[in-house]
Amino acid sequence: MATAETSPPPVSEEIKVIQDATCTFCGCVCDDIDLKVQGHKIIEAKRACVLGTAWFLGHEIEDRPMCLIRGQEASVAEGIERASQILTEAKYPLIYGMSDTTVESQRVAVGIGDWIGGLVDTTTSVCHGPSGMAFQGVGEVTCSLGEVRNRGDLIIFWGANPAESHPRHFTKYSLMPKGMFVPRGRKDRTCVVVDVRKTKSAKAADIFVQIKPRKDFEALWTLRALANGVDLDPEEVERETGQPFTVWTDLMDRMKAARFGVIFFGMGLTMTRGKHANTEALMALTRDMNKHTRFVCKANRGHGNVSGADNVVTWRTGYPFGVNLARGYPRFNPGEYTATDVLARKEADAAMIIAADPMANFSQPAREHLKSIPYIAFDPKETPTTRAAEVAFTVATYGINVPGTVYRMDDVPIPLRPAFDSPNPSDLSILNGIEKRVRELKAAEVN
Amino acid sequence: MAETFIIIPGRTSRQGAGISEGKFKQNYQDEITQLQVAPEDMQRLNLQPGDWVRVSSESGQIEVQIKPAKGGELPPGLLFIAYGDLSSRLMGADTHGSGMPTSKGFDVEMVALPDYKPTPAT
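So the sequences go chain by chain: L and A. The opening residue of the first sequence carries number 49 in this note's numbering; numbering runs sequentially from there. The opening residue of the second sequence carries number 455 in this note's numbering; numbering runs sequentially from there.
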């Protein structure tokens, strides 16, 4: 069986430089990376962090088939046909992932979900989904990273460890840059880290507040009470949060005295007991602080285009993740229509996984059910999810081989500047093929 | 004897870089298969770096090698492991109506396995 649809063009070994390339590994989406490219390999990524360097240098072209059906080499056309059959024959199909691909691909994936009457969920549901729920409850006072860079003089990281997850966060946006209203950069900013562990980020902070595990909610409501002039019992506060009352009053004094305060929060809040109640408390605290001064908050988003997934699913369905399209109109209910739930409860009978690896990071019951149903997987790399897929496509890498648009963690759209062509197809081209074929099969059902 | 701890699975830069290098490669596999323990807990339980322990939650159990947490990163009573297959095996499926399983800060029991011999990977 042929694996290539057309003969690949000859590869030039001459070194070329791509200026201001965009790194799509994490939500910082740094768009100032200069790449040296030789043939099908990036040999240098100037200004990239440790994660960005691994991203650019690790995505060379691998010698793998473009498509596998049940582990056997197949053509992309055959893969599209089988994928379309799986999706149209299913009663409760799930489309999941999408945080590591372009908004152009996300748009088509949601469209397929609509045609097949399936569930559409993204990796947001297992990262900042609870923040999305809190956002709907209390709203989010927020800003762009550019405003943080130019104005932020009190920067709080809560349950977030950017030193490991977003290594250029400090230098590009939040701590080190000299901005319009913070001309001396780091010297004009105070950094506070609140966490249960003394992480690498804590070592970059002026003040580290180590709270008891699973007590974020109590700590945040302590600050809300202080912001609103509510009397508290100091002994109870210390017993609940693990920190003396004076630590919290000192922090509140600093928060009130800030000219532009910022809270970046991470999965220390969303993945811990309380989840959306934790993030709701943080967003409400941010809102409260605006009675005293200017204060904003922002989720530190992980994947390169997970913010794009939220945006695209929202503008296509009205909801950001966990959307059920089975009745021909969108319904949103986290816990009922989210991926890990419908898999662990053995409800989904087919799935299409785009640029995500649930076989590595979902709960065991969810993984066992996913392995038992026919599903389609898209990834540039071999992963536990592609290995167990009925149809696995090896696709070109977004931002390295594929152009398009991604959304930075502050919802600012950023264009991609690819480094070299891949012999593998883009997920967009395959998704377009699947959407076309799904529509044909659905039309045939009606007729 | 088994003792109760709180485990915090999380991102490390080595685990993140390992994703791009390949999930079946050594760097990633090494990073996601080591449990960090506070040095005070290791001393108290007479554990050495590289020892095997069994970690059990309400939802699953894993056998894993330990290493001491560096630079005071972990207070006694807390464990840390990089996100990956092993951390997911400990996680429950219930999302409490949120779509998000409780993936950090849940109780586990840890017991030393002095005579444990891992099954070679096939």
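Every residue, glycine too, gets a C-beta built ideally from N, C-alpha and C.
Residues of the same chain with a CB within less than 8 Å of the CB of L/T136, apart from the 5 flanking positions on each side, are I164, V486, L489, K490 and E493 in chain order.
Contacts with chain L at 9 Å (Cβ-Cβ) do not include A/M564. Between A/D548 and the set L/R393, L/S213, L/D243 and L/V354, the nearest pair of CA atoms involves L/R393. With respect to chain L, the C-beta atom of A/R543 has a partner C-beta closer than 9 Å. Near chain A, meaning a CB-to-CB distance below 9 Å, the residues of the segment 236-250 of chain L are V244, R245, K246, T247, K248 and A250. Excluding residues up to 5 positions away in sequence, G546 lie with their Cβ nearer than 7 Å to the Cβ of A/E512 in the same chain.
For L/G277, the number of other beta carbons within 10 angstroms of its own is below 16, and it is reported as exposed. Taking a Cβ-Cβ cut-off of 7 Å, the neighbours of A/M554 in chain L comprise S173, V174, G177, P178, T318, M319 and K323, given in sequence order.
As DSSP reads the structure, L/N372 sits in a beta bridge with L/L167 and L/R379. Each of L/A93, L/G100, L/K139 and L/R118 was checked against the Cα of L/E395, and the nearest Cα belongs to L/K139. Look at the segment 237-277 of chain L and you find these whole runs of alpha helix (DSSP H), each 4 residues long or longer: 264-275. Listed along the chain, the chain A residues whose CB falls inside 9 Å of the CB of L/V98 are S467, R468, G470 and A471. Listed along chain L, the residues sitting closer than 8 Å to A/K558 by beta-carbon distance are M315, G316, M319 and T320. Per DSSP, L/L476 has no beta bridge partner at all. DSSP lists A/E563 as the beta-bridge partner residues of A/T458. Of all residues in the segment 529-541 of chain A, those with a C-beta nearer than 9 Å to a C-beta of chain L are P529, G531, L532, F534, Y537, G538, D539 and S541, reading in chain order.
In this model, L/L116 and L/T341 are separated by some 57 Å (Cα to Cα). If you look at L/K84, you'll find it in the beta strand (DSSP E) that goes I81 to Q86. Counting only runs of 4+ residues, the alpha helix (DSSP H) found wholly inside the segment 312-391 of chain L occupies 315-318, 324-337 and 354-365, in chain order. Judged by DSSP secondary structure, L/Q184 falls within the alpha helix (DSSP H) whose first and last residues are G177 to V186. Classified as exposed, L/N338 has fewer than 16 neighbouring CB atoms from the shown chains inside 10 Å of its CB. Interface annotation, L/R234: not in contact with chain A, CB-CB separation never under 9 Å. Neighbours of L/R262 in chain A, taken as residues whose beta carbon is under 8 Å from its own, are I460 and G559 in chain order. Annotation: the continuous beta strand (DSSP E) that includes L/K64 extends over I63 to A69.
Closest in C-alpha terms to L/D336, from the list L/T318, L/W269 and L/Q67, comes L/W269. Leaving aside the five residues that flank L/K89 on each side, the residues in its chain whose CB is nearer than 7 Å to its CB run, in chain order, E108. Where A/Q515 is concerned, the enclosing beta strand (DSSP E) starts and stops at Q515 to P522. In the structure shown, the three-state DSSP call for L/Q120 is strand. With fewer than three CB-CB distances shorter than 8 Å, the segment 359-366 of chain L does not count as touching the segment 216-226 of chain L.
The straight-line gap separating the alpha-carbon atoms of L/Q86 and L/S470 is approximately 13 Å. Contact with chain A is found for L/D169, since one of that chain's Cβ atoms lies less than 9 Å from the residue's Cβ. The continuous beta strand (DSSP E) containing A/S510 extends over residues W506 to S510. Under the three-state reduction of DSSP, A/Q502 is assigned to coil, being neither helix nor strand. Annotated as distal: L/A211 and A/S474, with beta-carbon spacing of 9 Å or more. Listed by position along chain A, the residues whose Cβ is nearer than 9 Å to that of L/E395 form an empty set, because the closest Cβ is around 12 Å away. If you draw a straight line from the Cα of L/L479 to the Cα of L/R465, it is about 21 Å long.
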